[in-house]
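Protein chains: 2
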Amino acid sequence: MAQHAERNITMVMDFYEMTMANGYFQNEEHPKRVVFDVFTRKNPDGGGYSIFAGLEQVIEYVENLHFSKEDVEYFRSLNQFPESFLTYLENFRFHGDLYAFPEGTIMYPNEPCITVVAPLIDAQLVETAILAQVNHQSLIATKTNRIVQAAQGRAVSDFGARRAHNMDAAVYGARAAYIGGAVGTATVLAGQQFGIPVSGTMAHSWVMYYGSEYTAFRKYAECYPDNTVLLLDTYDVLHSGVPNAIRTAKEVLEPMGKRLKGIRIDSGDLAYLSKRIRCMLDEAGLEDCKIIVSNSLDEYTISSILAQGGPIDSFGVGERLITSMSDPVFGAVYKISAVEQNGKFEPRMKISEVVEKITNPGRKQVYRIYDQKGEAVADMLADAEETVDFSKPYKFIDPEQPWKERSFEGFTAKPLQKLVMKDGKRCVELPSLKEIQQYVKYQLDKEIWPEEQRFDNPHRHYLDMTPGYYDMRMKLLDKLSNHKRGKI
Amino acid sequence: MAQHAERNITMVMDFYEMTMANGYFQNEEHPKRVVFDVFTRKNPDGGGYSIFAGLEQVIEYVENLHFSKEDVEYFRSLNQFPESFLTYLENFRFHGDLYAFPEGTIMYPNEPCITVVAPLIDAQLVETAILAQVNHQSLIATKTNRIVQAAQGRAVSDFGARRAHNMDAAVYGARAAYIGGAVGTATVLAGQQFGIPVSGTMAHSWVMYYGSEYTAFRKYAECYPDNTVLLLDTYDVLHSGVPNAIRTAKEVLEPMGKRLKGIRIDSGDLAYLSKRIRCMLDEAGLEDCKIIVSNSLDEYTISSILAQGGPIDSFGVGERLITSMSDPVFGAVYKISAVEQNGKFEPRMKISEVVEKITNPGRKQVYRIYDQKGEAVADMLADAEETVDFSKPYKFIDPEQPWKERSFEGFTAKPLQKLVMKDGKRCVELPSLKEIQQYVKYQLDKEIWPEEQRFDNPHRHYLDMTPGYYDMRMKLLDKLSNHKRGKI
Numbered sequence: 001m002a003q004h005a006e007r008n009i010t011m012v013m014d015f016y017e018m019t020m021a022n023g024y025f026q027n028e029e030h031p032k033r034v035v036f037d038v039f040t041r042k043n044p045d046g047g048g049y050s051i052f053a054g055l056e057q058v059i060e061y062v063e064n065l066h067f068s069k070e071d072v073e074y075f076r077s078l079n080q081f082p083e084s085f086l087t088y089l090e091n092f093r094f095h096g097d098l099y100a101f102p103e104g105t106i107m108y109p110n111e112p113c114i115t116v117v118a119p120l121i122d123a124q125l126v127e128t129a130i131l132a133q134v135n136h137q138s139l140i141a142t143k144t145n146r147i148v149q150a151a152q153g154r155a156v157s158d159f160g161a162r163r164a165h166n167m168d169a170a171v172y173g174a175r176a177a178y179i180g181g182a183v184g185t186a187t188v189l190a191g192q193q194f195g196i197p198v199s200g201t202m203a204h205s206w207v208m209y210y211g212s213e214y215t216a217f218r219k220y221a222e223c224y225p226d227n228t229v230l231l232l233d234t235y236d237v238l239h240s241g242v243p244n245a246i247r248t249a250k251e252v253l254e255p256m257g258k259r260l261k262g263i264r265i266d267s268g269d270l271a272y273l274s275k276r277i278r279c280m281l282d283e284a285g286l287e288d289c290k291i292i293v294s295n296s297l298d299e300y301t302i303s304s305i306l307a308q309g310g311p312i313d314s315f316g317v318g319e320r321l322i323t324s325m326s327d328p329v330f331g332a333v334y335k336i337s338a339v340e341q342n343g344k345f346e347p348r349m350k351i352s353e354v355v356e357k358i359t360n361p362g363r364k365q366v367y368r369i370y371d372q373k374g375e376a377v378a379d380m381l382a383d384a385e386e387t388v389d390f391s392k393p394y395k396f397i398d399p400e401q402p403w404k405e406r407s408f409e410g411f412t413a414k415p416l417q418k419l420v421m422k423d424g425k426r427c428v429e430l431p432s433l434k435e436i437q438q439y440v441k442y443q444l445d446k447e448i449w450p451e452e453q454r455f456d457n458p459h460r461h462y463l464d465m466t467p468g469y470y471d472m473r474m475k476l477l478d479k480l481s482n483h484k485r486g487k488i
Numbered sequence: 001m002a003q004h005a006e007r008n009i010t011m012v013m014d015f016y017e018m019t020m021a022n023g024y025f026q027n028e029e030h031p032k033r034v035v036f037d038v039f040t041r042k043n044p045d046g047g048g049y050s051i052f053a054g055l056e057q058v059i060e061y062v063e064n065l066h067f068s069k070e071d072v073e074y075f076r077s078l079n080q081f082p083e084s085f086l087t088y089l090e091n092f093r094f095h096g097d098l099y100a101f102p103e104g105t106i107m108y109p110n111e112p113c114i115t116v117v118a119p120l121i122d123a124q125l126v127e128t129a130i131l132a133q134v135n136h137q138s139l140i141a142t143k144t145n146r147i148v149q150a151a152q153g154r155a156v157s158d159f160g161a162r163r164a165h166n167m168d169a170a171v172y173g174a175r176a177a178y179i180g181g182a183v184g185t186a187t188v189l190a191g192q193q194f195g196i197p198v199s200g201t202m203a204h205s206w207v208m209y210y211g212s213e214y215t216a217f218r219k220y221a222e223c224y225p226d227n228t229v230l231l232l233d234t235y236d237v238l239h240s241g242v243p244n245a246i247r248t249a250k251e252v253l254e255p256m257g258k259r260l261k262g263i264r265i266d267s268g269d270l271a272y273l274s275k276r277i278r279c280m281l282d283e284a285g286l287e288d289c290k291i292i293v294s295n296s297l298d299e300y301t302i303s304s305i306l307a308q309g310g311p312i313d314s315f316g317v318g319e320r321l322i323t324s325m326s327d328p329v330f331g332a333v334y335k336i337s338a339v340e341q342n343g344k345f346e347p348r349m350k351i352s353e354v355v356e357k358i359t360n361p362g363r364k365q366v367y368r369i370y371d372q373k374g375e376a377v378a379d380m381l382a383d384a385e386e387t388v389d390f391s392k393p394y395k396f397i398d399p400e401q402p403w404k405e406r407s408f409e410g411f412t413a414k415p416l417q418k419l420v421m422k423d424g425k426r427c428v429e430l431p432s433l434k435e436i437q438q439y440v441k442y443q444l445d446k447e448i449w450p451e452e453q454r455f456d457n458p459h460r461h462y463l464d465m466t467p468g469y470y471d472m473r474m475k476l477l478d479k480l481s482n483h484k485r486g487k488i
């Protein structure tokens, strides 16, 4: 697929980024540094948290940002941009800094998981590709984690590629699913590219090709005696699939000293069938044969099947994971929060008739607040330059109830944003994918309240503010709300 | 982004395709030719039809299918495949034929929009990538078409890249949206790659950067006097945005002899605001200034805004289009339907306890049946080898009411599947993207019943069968249903 192999990700941008860039260039504003934040406004599926994913790909993208001759030629062909700007594009490289949460951090609405501090054009041009990457991977990591939680320790594998929204969605979706807790993927390129364990045995076509189900099973077992997993639902699970699987175990595998490793079903009532299959396998002495199920699974169907006692060892989850079917939009946005004026950052804020759409101005840091048990009780927004001293009781503001006097005492505060790119180059070593997966699991096991991890009506994690940050925000809000026609 | 530029789409496959391929290779079955069909089981969003899209990318993918040295090395590293098979992969190219509907064909459930006739391994290896491409593009084309229908002739543009499921979903999604009737896209790479018109003007950040809304508008108008479209909802649409836009028209553009081309709003009540804005613009003599709206639009919100008389000229549609949010899974499947035996194709069929999952066996053709007015009254499945003679009354079978005597009289029948690849090489000239868009529009305007184009409870298009095909299918179904344990 020529387009895939030769394409240039720099051009994955909204056209308005280029019209604005040229506008800034013509007005000679472009050397001025600005601050943009990436943040979400809600968690998917009404959940209590999201998982921040996609940072490694964001960094690779920003490092490689450049316009090829063909790209510049394309812009020239539109007859909207002067030659001076086109020449500027030819030599363009990203010269900004990126601050970000570590990949895999549990995040909450309105927290800047990425902050870009860069010259105006540099910061504007990366909007779309950063959002698409973070939105996609965070969505799939979060959805997968819900499914993994529902499976209560049983293995969950990504089987979604064929229903993914094109190739990237399959491959980066598999990466995100692994971050969210999947044990592996069926997608070969994701295995090759990211080292994710791959699995897969047979499709219905294998059985249909041979026509005879027993012949198909026998051929497969002869070829893969150490790893025989048979698909039972091509014709009739209980009257044909299970008997033929048992016969294969007895007549093909046992004479070789091998065991039938597993069976899979991909249709029908998975709770009922798995219970019947388990009995039939056990009666035949195949207690160690695993039962793997697939077919339109998600956290709700898995919970329901397990509540009915389905003796299932492993779930293959496809379309509802890889598209996050029940809530396929992760709405992270990219908003300007400060502009350099005379060497320091002046905060900027978007006000809106919708309260949730009012932004948090300024260059910020997010602290996660832990109690003595190490549990995360809240997060807190601060000015990035502020010193936050937790050695004595720390007074903070709950912005929804600012009149209440509150303080953290004996707690610890961990800053979540770290500098990851300096002047367009990465300046930290990134964790392995396995380490990211383990970091997610550690936070959910040890730090994040179980009450936030409920599917229905979860506890809302508080996002508090330091008194200094709260005051600055309120003053700016006052100023903008008093803004009258023509005044600014 | 290194992975994007260097990646190999051949490896976008499910691992079971490789375990099966090796199994066939070890059993020396691989030269045998088989038939696989791609078909859907339902239309998205409960609609009456789907749009077939993605064929051009499928053909490019199949033509370029090959394993690099690194790919073969990856399979070697898994220690599951013998050297003989790995050597076979090194030299592998696709040697089959593809039959397909023309891209943009209105299609219905259970119709083979693509049929692969190829040696066993060749046919098996392309399953996942073909499905992911067709599922994604058909989904977005169909969804966009619903949105375009709701807009009743007003322009619809794709603004979705940032919420797409990664880069491909943005770019191929824009292509599919154009097929479905969008007039353009905001995604630059889609414009560059496919020649789709791109549009875009300013984000809220432009206004927030300058702080003063009027200054921001003035700077933009000075830079783009022929194409000034101003975003009005950064602070307050009616008290600040509209007055500043009018002032820009009067004080900046009119002295240059230019007109304000348009305004955009991206939040708030779009019906109420657009009516108020229209009045204010008209009172200021800006009757020709267009109103463009965006913000979580889809076919339902657009219908509702227009029903309330919103005087809107153009819709920018993002997340709900690019993810097909209300139904993000297009469930096309890839099923084996025949196996070569002694030089001819023997039909294969998957039976299932779920009636909808029973497949249509054999190598087939789909005919679209037109009445004297040129309207498509039904489709009909036939054996690919059958001659269908419509010169006299043609008796057909409705498989859901096979006891009824029915015939087509004075109708015409057009075969929908055409040979598009022969022995792995394309053998037709593919239409331009614009031609595909026009083909979709022609069918919906002239051929497809309006009753099938309703959003709610649309008329169901019949899929009839020739008597010969129906008999063959029933005999095979009988045989498989009588199949008892151990018998096959």
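Chain order of the listed sequences is A and B. Letter 338 of the first sequence, counting from 1, is numbered 338 in full-length UniProt numbering, and no numbers are missing. Letter 368 of the second sequence, counting from 1, is numbered 368 in full-length UniProt numbering, and no numbers are missing. Virtual Cβ for every residue (Gly too), placed ideally from N, Cα, C. Computed from a predicted structure; not experimentally measured.
Report back the beta-carbon spacing between residue i and residue j to the nearest angstrom; my notes put them in contact at under 8 angstroms.
i: B/LEU232; j: B/ALA245; result: 6 angstroms
i: A/VAL420; j: A/LEU98; result: 5 angstroms
i: B/TYR367; j: B/VAL388; result: 6 angstroms
i: B/ASN110; j: A/ARG162; result: Not confirmed; about 18 angstroms, so no contact.
i: A/MET167; j: B/ILE9; result: 6 angstroms
i: A/ALA376; j: A/ILE448; result: 6 angstroms
For residue i, which residues in the same chain have their Cβ closer than 6 angstroms to its Cβ, ignoring the five residues on either side in sequence?
i: B/LYS487; result: Unreliable placement is indicated for B/LYS487, whose pLDDT of 47 sits below 50; the coordinate value is still reported in the next sentence. Taken in chain order, the list of residues that qualify is empty.
i: A/ILE358; result: ILE351 and SER352
i: B/GLN308; result: ALA271
i: A/ALA186; result: PHE159 and GLY200
Measuring only the C-alpha atoms, how far is residue i from residue j?
i: B/GLN192; j: B/GLN133; result: 20 angstroms
i: A/LEU260; j: A/GLN137; result: 36 angstroms
i: B/ASP45; j: B/VAL339; result: 35 angstroms
i: A/ARG485; j: B/PRO243; result: Its pLDDT being 41, under 50, A/ARG485 is placed unreliably in this model, and the value from its coordinates should be taken loosely. The straight-line gap from Cα to Cα measures roughly 7 angstroms.
i: B/VAL207; j: A/ARG460; result: 33 angstroms
i: A/MET1; j: B/GLN57; result: Its pLDDT being 32, under 50, A/MET1 is placed unreliably in this model, and the coordinates cannot settle the point.
i: A/GLY316; j: B/SER314; result: 43 angstroms
i: B/ILE265; j: B/ILE106; result: 34 angstroms
i: A/LEU480; j: A/ASP398; result: 22 angstroms
i: A/GLN437; j: A/GLU452; result: 19 angstroms
Counting only the same chain and skipping the five closest in sequence on each side, list residues whose C-beta sits under 7 angstroms from that of residue i.
i: B/GLY268; result: ASP233 and VAL237
i: A/ASP122; result: PHE94, HIS95 and GLY96
Excluding the five sequence neighbours on either side, which residues of its own chain have a C-beta within less than 8 angstroms of the C-beta of residue i, listed in chain order?
i: A/GLN3; result: Its pLDDT being 35, under 50, A/GLN3 is placed unreliably in this model, and the coordinates cannot settle the point.
i: B/VAL72; result: LEU86, LEU89 and GLU90
i: B/LEU433; result: ARG175, TYR178, ILE179, PHE194, GLY195 and ILE196
i: B/MET325; result: ASP298 and GLU319
Mind listing the chain A neighbours of residue i? Cutoff is C-beta to C-beta under 7 angstroms, in chain order.
i: B/GLY410; result: Those within 7 angstroms of B/GLY410 in chain A number zero; the least Cβ separation is about 40 angstroms.
i: B/GLN437; result: By Cβ distance, chain A contributes nothing, its closest Cβ being about 19 angstroms from B/GLN437, past 7 angstroms.
i: B/THR234; result: LYS350
Closer than 7 angstroms by beta-carbon distance: list the chain B residues that pair up with residue i, in chain order.
i: A/GLY200; result: ASP14, PHE15, TYR16 and THR19
The beta strand (DSSP E) that contains residue i, what's its start and end?
i: B/ASP379; result: 376 to 383
i: A/GLN401; result: Element bounds for A/GLN401: n/a, residue is neither H nor E.
i: B/LEU433; result: Counting along the chain, B/LEU433 falls outside any beta strand (DSSP E), though it belongs to the alpha helix (DSSP H) covering 433 to 442.
i: B/PRO415; result: 412 to 415
Mind checking which residues open and close the alpha helix (DSSP H) that includes residue i?
i: residue 570 of chain A; result: Because chain A here runs from 1 to 488, residue 570 of chain A falls outside it and cannot be looked at.
Give the interface partners of residue i over in chain B, defined as CB-CB distance under 8 angstroms, in chain order.
i: A/GLU111; result: Within 8 angstroms Cβ-Cβ: nothing; A/GLU111 doesn't reach chain B, min ~18 angstroms.
Report the neighbours of residue i on chain A: residues whose CB is nearer than 8 angstroms to its CB, in chain order.
i: B/PRO328; result: HIS165, THR323, SER324, MET325 and PRO328
Note down, in chain order, every chain B residue with its Cβ under 9 angstroms from the Cβ of residue i.
i: A/CYS223; result: THR19, ASN22, GLY23, GLN26 and ASN27
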